[in-house]
Amino acid sequence: MYVAVLVSNPGVARLTPEVVQPVRDRLNGDTISWLADGKACEFLLGEKPGAGVISDIRTRLHPSQVDLCVVPGANRKKRVLFADMDSTMILEESLDELAAHVGIGDEVKKITAAAMNGELEFEEAVRHRVGLLAGLEVSVIDHVVDNRITLAPGGQELVATMKADGAYSVLVSGGFEDFTRVVATRLGFDEYRANALVKRDGKLTGEPGTPILGREAKAETLSEVTERLGLRAEDVLAVGDGANDLDMLRTAGIGVAHHAKPAVAARSRHVLEFADLSGLLFLQGYRLNEFQWPGSPAGTSAR
């Protein structure tokens, strides 16, 4: 059994029966069930549609700013959340913001874009970008974290809702601990993994710590954590946007390319182009009245 889930761009597009019904009819779906009025709905499918059919429907939905994902009906509410940080749980690429603050943003941004699109080997990109920051005062990092980093919409309720339902959450980033430590705390993640910036005498040396956490390491961390918790990869919801997330997304029970680079979206099973991070809750079958916010009592709905 499979479930088709449609989610709109919140605040911009409204999901209506007129949009949903042609999709349901084409997929021979069952009765439409609304998860959030005007925002998300789902219906059961007798069989999984082919990739070409899903791609065609997504293309037709594009002007309406509505996403379609088809997920397995069993084991939908996941017990572990694995999330990328840069351009996923936060809106920015943290190292790009650090570079922009000291006047080399354009150069570093080009390297980041190439790496996230899979055009440049990830470890090479890390070493190159960090090398450009040699001599930077460590205090600048704190300033950038406090003033240039923005939590992505929907992330707070994603983490809080899954945790209230007993899930374990891991922020796993090819970025750096100076950023992930703060973001993980703000969002309530149970643990985080990231790279290190080598420092000496209050300045960056221009070297990353080793080993560098990249594409393979993210998937390995997922396997390590699930084994430690006595769970399986099928119990994981993973989300990311870059080429270094692909192995992690493919390993997880539900792996979602969220607002991803085109090359990454094209190689991913599940894609959310328009929905914010709360759309990941709808994919698991949560209804809007089940959403939680950080600090809300367990079992109390956010709205």
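Numbering-wise (our numbering), the sequence shown opens with residue 6 and increments by one.
Glycine included, C-beta positions come from ideal geometry on N, C-alpha and C.
Checklist entry - Looking only at DSSP bridge pairs, what is ILE95 linked to? => result LEU156
Next on the checklist: Between LEU209, LEU251, GLU98, which has its C-alpha nearest GLY136's C-alpha?
Outcome noted: LEU209
Item to check | Buried or exposed by the 16-neighbour rule on C-beta atoms within 10 Å, applied to GLU232 | outcome: exposed
Checklist entry - From THR331 to ASP151, what does the alpha carbon distance come to, in whole angstroms? => result Any property of residue 331 remains undetermined from this structure, which presents the chain solely from 6 to 308.
Next on the checklist: When you compare the CB positions of GLY258 and VAL241, do they come within less than 8 Å of one another, or not?
Outcome noted: yes
Checklist entry - Quick one: Cα of VAL107 to Cα of VAL58, how far? => result Using only the alpha carbons, I get a separation of about 47 Å.
Checklist entry - Nearest to LEU73 by CA position, among ALA88, PRO54, LEU234, LEU227, is which residue? => result PRO54
Checklist entry - Given a threshold of 16 other Cβ atoms within 10 Å of its Cβ, counted over all protein chains shown, does GLY140 qualify as buried or as exposed? => result exposed
Checklist entry - Where in the region 146-214 do unbroken runs of the alpha helix (DSSP H), each at least 4 residues long, occur, reported from the N-terminal end onward? => result 160-169, 182-192
Item to check | Same chain, Cβ closer than 6 Å to VAL164, neighbours up to 5 away in sequence not counted | outcome: Only SER174, LEU192, GLY193 meet the Cβ criterion.
Checklist entry - Of the choices SER178, ARG198, LEU288, whose alpha-carbon is the least far from that of ASN80? => result LEU288
Item to check | Beta-carbon proximity list for VAL149, same chain, < 8 Å, skipping 5 on both sides | outcome: Closer than 8 Å at Cβ, skipping near neighbours: SER99, GLU102, LEU103, HIS106.
Item to check | Cβ neighbours of ILE62 in the same chain (closer than 7 Å, five flanking residues each side left out) | outcome: In the same chain as ILE62, and ignoring 5 residues on each side of it, the C-beta atoms closer than 7 Å to its own belong to VAL28, ARG31, LEU73, in chain order.
Item to check | Among LYS115, ILE146, ALA120, nearest to ASP246 - alpha-carbon criterion | outcome: ALA120
Checklist entry - Taking buried to mean at least 16 other C-beta atoms within 10 Å of its own C-beta, is PRO15 buried or exposed? => result buried
Item to check | Between the CA atoms of LEU234 and THR226 - distance to the nearest angstrom | outcome: 12 Å
Checklist entry - Since ASP35 contacts LEU49 with CB under 8 Å, what's their CB separation in whole angstroms? => result Between LEU49 and ASP35 the Cβ distance is about 4 Å, and since that is below 8 Å, they are a contact.
Item to check | Assigned exposure category for GLN26 - 16 Cβ within 10 Å defines buried | outcome: exposed
Next on the checklist: Assuming the contact rule is C-beta atoms closer than 8 Å, VAL85 and ALA45 should be a hit. Round their C-beta distance to whole Å, please.
Outcome noted: Contact flag wrong, Cβ pair sits at about 22 Å.
Checklist entry - DSSP three-state call for VAL143: helix, strand or coil? => result coil
Next on the checklist: On the DSSP letters alone, give me the boundaries of the beta strand (DSSP E) that GLU47 sits inside.
Outcome noted: 45-50
Item to check | Contiguous alpha helix (DSSP H) assignments of at least 4 residues, all confined to the region 61-115 | outcome: 99-106
Item to check | Rounded distance between the beta-carbons of VAL76 and HIS275, thought under 8 Å | outcome: The C-beta separation of HIS275 from VAL76 comes to about 7 Å, placing the pair in contact by the 8 Å criterion.
Checklist entry - From what residue to what residue does the beta strand (DSSP E) around VAL8 run? => result 7-13
Checklist entry - Between the C-alpha atoms of GLN70 and ALA18, what's the straight-line distance to the nearest angstrom? => result Each residue's Cα considered, the two are about 6 Å apart.
Checklist entry - If you run the structure through DSSP and keep just helix, strand and coil, what is GLY136? => result In the structure shown, GLY136 sits in a helix (DSSP, three-state: H, G or I).
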